[in-house]
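Peer 1:
Residue numbers (the working numbering): 315 to 379.
1. Would you mind giving the Cβ-Cβ distance between residue 292 and residue 349, rounded to the nearest angstrom? I have them listed as a contact below 8 Å.
2. Let me know the secondary structure DSSP gives residue 335 once reduced to three states.
3. Counting C-beta neighbours from all protein chains within 10 Å, is the total for residue 376 16 or more, i.e. buried, or is it exposed?
4. Can you name, in chain order, every residue of its own chain whose Cβ lies under 8 Å from the Cβ of residue 356, other than the five neighbours on each side?
5. Determine the DSSP secondary structure at residue 341, reduced to helix, strand or coil.
6. Would residue 345 be called buried (16 or more neighbouring beta carbons within 10 Å of its own) or exposed?
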């Protein structure tokens, strides 16, 4: 299996936002914000550190860009 490309990663994110929009009726503009907010709720419920994960995600994005 080849490594995923940034286009692959963006497509996965797009699918997640589309799923959220389909479930909630929000539009794509609100979908990103709502997904991030929902992930914050999930992290809190699961005892995860959202800010740490976001910092790590930013580092990964910088390395992959």
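Just so it is clear, CB atoms sit at the ideal spot from N, CA and C, and this is done for glycine as well.
Peer 2: Per the coordinate set shown:
1. Since the first residue of the chain shown is 315 and the last is 379, residue 292 is not available in this structure.
2. helix
3. exposed
4. 362
5. Residue 341: coil per DSSP, three-state reduction.
6. buried
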